[in-house]
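0 is the number of the first residue of the sequence shown in numbering that gives the first Met the number 0; add one for each residue after it.
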Amino acid sequence: MKKMSMLVAFALSVTTAGAQSYYQDSKNPEMLRHADRHEPCRREVVLPQVNGYNVYKADLHTHSIFSDGSVMPSYRVEEAWLDGLDIMAVTEHIEYRPREAEYVEYLKKYVDEKYDKGVNCRIGSKGLTEDGIMVDLNHCVKLSQKEAAKYGILIIPGAEITRNGTNVGHFNALFTTDNNLIYDPDPVQAVRNAKAQGALVQHNHPGWTRKDINMTPTEEIVYGEGLVDGVEVMNVGEFYPGIIDRVQERGLFISANTDVHSTTAVGYTLYGSLRPMTLVFAKENTLEAVREALEADRTLALGFNTLCGEEQLLKDFFAAGVKVRVIRQTGKTVELAVTNTTSIPYTIRKGEANQQKLDAFSTIRLSVSKKAKTLDLTVLNMFCGKETHPTVKLQF
């Protein structure tokens, strides 16, 4: 009898588990749906307000199948939303669009037999043929804007001026009005063309395919003419600490971007990482406000839990997100609770003590002298120079 009761109990538990795992479709009574299946959900990246500004998460360097990426613009926008971004720049290569040859082959019954292969979609040092660029370089921006309306993502129109990465350099034109008017055989003139329509220019991955971050002759001219507004200090998994000093010496905005071609899942999110992002300190998420923030150099670069930028902005950001309260006073010391209210983990050091972790959304205990008026922490995963870290004084 006891054995039979146990079998009945087991059967009931299986039935209950099954009932919890599935539910009946609202329209088809013969269809069950998995209850544990998740709809696509956004990973929220929680950051503080700083000095009256909202901190928006941006990627200022992305690609789709409209240049040499692997996904549609619609996917790229949804991906940005899922990863917690608020802003995405569309920056297809102007000179390098190898996918076009595949489209022409696919659409060969639709197109003129004269053009049975891609035309000027891999523009090298010889420049264009007489046919010119035969596609609308604004089309991807329009598709992205249409998709972004579903998610509340702000799209920055842009394009990448793409020449030899080692000997010339790459530049993103941001806030463009007509990408079809940028190309010129002379890369410097192409940058000038972008600036003429009001674009901000970002120098991309300044050490990619090189032995150092020294400027090429082309970059010397572009910087010398005052055409550069910002520089990537981080691109994909690359980090150029020396660029932190460059942007501050020249009064430029700093950025960290994915330069994504495949998916961010492959490079970051499958492994628990946030994607690289540019933190933009702006009053609102509009083209005008974001542009003003970039022009005022109110940005920080975030990649693989490392933050880079101007020292005071780093300090203000840390202080806005880390809270300190007194637990108790014992003798000559004060015991403190230090709480990180943000999604960014920190590596900190108090005085000459060993470094320690302050994880996202966590609290640690620290103690200070009863005479101390502030808790002074050096934040080791923040860089305000090539080899320097800010020390933040927190009130308690």
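Every residue gets a Cβ at the ideal spot worked out from N, C-alpha and C, and that includes glycine.
It should be emphasised that the depicted structure is a prediction, and the values quoted were computed from it without experimental measurement.
* Sub-7 Å separation of Leu180 and Val200 beta-carbons -> no
* **beta strand (DSSP E) segments (min. 3 residues) lying fully within the segment 220-299** => 229-234, 252-256 and 276-281
* To do: Check Phe9 in the structure and name its three-state DSSP category.
  => Reliability of the predicted coordinates at Phe9 is poor, the pLDDT of 49 falling under 50, and the value obtained from them is presented with this limitation in mind. Of the three classes helix, strand and coil, the one that applies to Phe9 here is helix, per DSSP.
* To do: Can you tell me which of the three DSSP states Val140 falls into?
  => helix
* May I ask you to verify whether the segment 17-33 touches the segment 232-245, counting CB pairs closer than 8 Å and requiring at least 3? => no
* Asked: Should His169 be labelled buried (16 or more other beta-carbon atoms within 10 Å of its own) or exposed?
  -> buried
* With a cut-off of 8 Å, do at least 3 Cβ pairs link the segment 154-168 to the segment 88-102? -> yes
* In angstroms with no decimal places, state the Cα-to-Cα distance between Val325 and Thr277. => 34 Å
* Asked: Under three-state DSSP, which class holds Lys107?
  -> coil
* Asked: Do Gly229 and Ser254 have their CB atoms nearer than 7 Å?
  -> yes
* Which of helix, strand or coil DSSP assigns to Arg191 -> helix
* Cα-Cα separation, Ser63 to Glu159 -> 12 Å
* Asked: If you compare alpha carbons, which of His388, Tyr74 and Val134 is closest to Leu379?
  -> His388
* Starting from the Cα of Asn203, find the closest Cα among Val49, Lys372 and Met214 and give me that residue. => Met214
* Asked: For Ala16, does the three-state DSSP call read helix, strand or coil?
  -> Low confidence applies to Ala16: its pLDDT is 48, below 50, so where it sits in the model is not reliable, and the reading given next is rough at best. Helix.
* Quick one: measure Cβ to Cβ for Thr305 and Val337, integer angstroms, because I've assumed they're closer than 8 Å. => That pair is no contact at about 20 Å.
* Would DSSP call Ser63 helix, strand or coil? -> coil
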